[in-house]
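Step one of this worksheet: look at the structure below.
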Amino acid sequence: VFLPFTSLHFVEAHLPDTSISSNDSLRRERMRPQIALFGDSITEQSFRSGGWGAALADTYTRKADIVNRGYSGYNTRWALFLLHQLFPFDSTKPPVAATIFFGANDAALLGRTSERQHVPIEEYKENLRKVVHHLKECSPTMLVVLITPPPVDEVGRRDYAQSVYGEKAMELPERTNEVTGLYAKQCVELAKEMGLCSIDLWSKMQETGGWQKKFLSDGLHLTPEGNAVVHEEVVKVFNQLWLSAAEMPDDFPSHSEIDGKNPEKAFQQLCI
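Numbering-wise, the numbering used here puts 87 at position 87 of the sequence shown, and it's gapless, one number per residue.
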C-alpha cells in the first residue's frame, strides 16, 4: 500500500562503514516511487530532447522515477493487450501515478491511409475505462490522469504526407481536427464519470493563436513548445493533488550533508 508522502518517516539504520546490505538495497528501491507514462508515439517520443517526459524526469529528479511506456502507432484497442505485461497485478511496486495518453490514432478516419488504426469512438471510451480499471486494480491509490489527444493541423498532416509519400499521398488528411475533438470530449467525459483528473490538451492548445505550427511539428506530433504545454499541465495536476515534487523527499542525503571525515553518519537515517 502506498502512503502519501506526508506519511513518510525516518528510521535508524546501522550500516557498515562502506557497504549497503541487500535489505537496505531493497529499501532504497521502495524509496523512490514510479510515475508511468502510458500512451502512443506522443508518449514514446516524450523522452527526446525537449520532450515532456524528459522534462518531467527533470522535475522529479531524486523524487520519482519517470517510466516511459509509450508505443508509437498504438490505439486503445491494442493497448489493452499490454496491460498485464506492463502493469501486472502481482507487482510489489506498482506506479504511484500514471498518465493515459491515447486517442490520436483511435481518431484516424476510415477510408484514409491510417484506417488500420481507427477505433470507433464508443469503443475508445470503453477501452480507456478498461485501462483505468486495470490500473486501479493494480493499486487503488494510484493517481490516474487522462490526457486527450492534441488538436490536428490538417494542412500540416497533408503537407507531411506529401513530403513522405510524394504523389502517392492522398489529397484528404487521414485525421481531422473536428473528429479528434469528439474523441477528446469522450476522454474528458470519462474522467468526470470516474472521478479522475483529465487534461484537455485538444482545447488547451487551441487557446493559443497559431497553435498549428507552434505546437505541432507535422500536424500531429509535438514541437518543443507543444511538449512544454503537456509538461506544464501534467505538473499542474500533480501539484494540485498529493504528488508535488517540491513536497517529496530526496532519496538520499544531499552531498552538502555528508561529512567527508565521517560519511556514514549521513546515512544512518534512511527514508522509507
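Beta carbons are placed, not taken as given, at the ideal position from N, Cα and C, and that holds for glycine.
Considering residue i, what are the terminal residues of the alpha helix (DSSP H) in which it resides?
i: Thr43; result: Ser41 to Glu44
i: Ala266; result: Here Ala266 belongs to no alpha helix (DSSP H), and DSSP marks it neither H nor E.
i: Phe215; result: Trp211 to Phe215
i: Leu86; result: Leu83 to Leu86
i: Arg77; result: Thr76 to Ala79
i: Thr59; result: Trp52 to Thr59
Is residue i helix, strand or coil when you go by DSSP?
i: Asp259; result: coil
i: Arg175; result: coil
i: Asp251; result: coil
i: Ser198; result: strand
i: Gln117; result: helix
i: Leu109; result: coil
i: Gln240; result: helix
i: Phe89; result: coil
i: Ala36; result: strand
i: Leu220; result: coil
i: Gln162; result: helix
i: Gln186; result: helix
From residue i to residue j, what does the alpha carbon distance come to, in whole angstroms?
i: Glu122; j: Pro224; result: 32 Å
i: Ile20; j: Phe267; result: Only weak support exists for where Ile20 lies, its pLDDT of 41 falling under 50; the value from the coordinates is given anyway. Taking the straight line from one Cα to the other gives about 10 Å.
i: Glu154; j: Tyr160; result: 10 Å
i: Thr76; j: Ala246; result: 33 Å
i: Leu172; j: Gly210; result: 22 Å
i: Ser244; j: Glu178; result: 35 Å
i: Phe238; j: Arg62; result: 16 Å
i: Asp251; j: Ile258; result: 14 Å
i: Pro33; j: Cys138; result: 15 Å
i: Arg240; j: Ala98; result: Contrary to the premise, residue 240 reads as Gln rather than Arg in this sequence. Roughly 15 Å between the two C-alpha positions.
i: Glu115; j: Met31; result: 44 Å
i: Gly156; j: Leu216; result: 8 Å
Is residue i buried or exposed, if buried means 16 or more other CB atoms sit within 10 Å of its CB?
i: His84; result: exposed
i: Phe87; result: buried
i: Pro263; result: exposed
i: Arg175; result: buried
i: Leu143; result: buried
i: Lys214; result: exposed
i: His307; result: The shown model of the chain, from 1 to 272, leaves out residue 307, and the question about it has no answer.
i: Glu44; result: buried
i: Gly166; result: exposed
i: Arg48; result: exposed
i: Leu110; result: exposed
i: His133; result: exposed
Check each candidate in the options and name the one with the smallest Cα separation from residue i.
i: Ser198; options: Lys185, Ser72 and Ser163; result: Lys185
i: Ser203; options: Val131, Val188 and Ser254; result: Val188
i: Gly181; options: Met194, Gln162, Leu196 and Pro150; result: Pro150
i: Asp218; options: Thr92, Ser163, Trp78 and Val145; result: Ser163
i: Lys236; options: Gln117, Ile147 and Thr92; result: Ile147
For the beta strand (DSSP E) that contains residue i, what are its first and last residues?
i: Leu146; result: Leu143 to Ile147
i: Thr99; result: Ala97 to Phe101
i: Asn68; result: Asp65 to Gly70
Measuring only between beta-carbons, confirm whether residue i sits less than 8 Å from chain B.
i: Asp200; result: In the structure shown, chain B cannot be found, because there is only a single protein chain.
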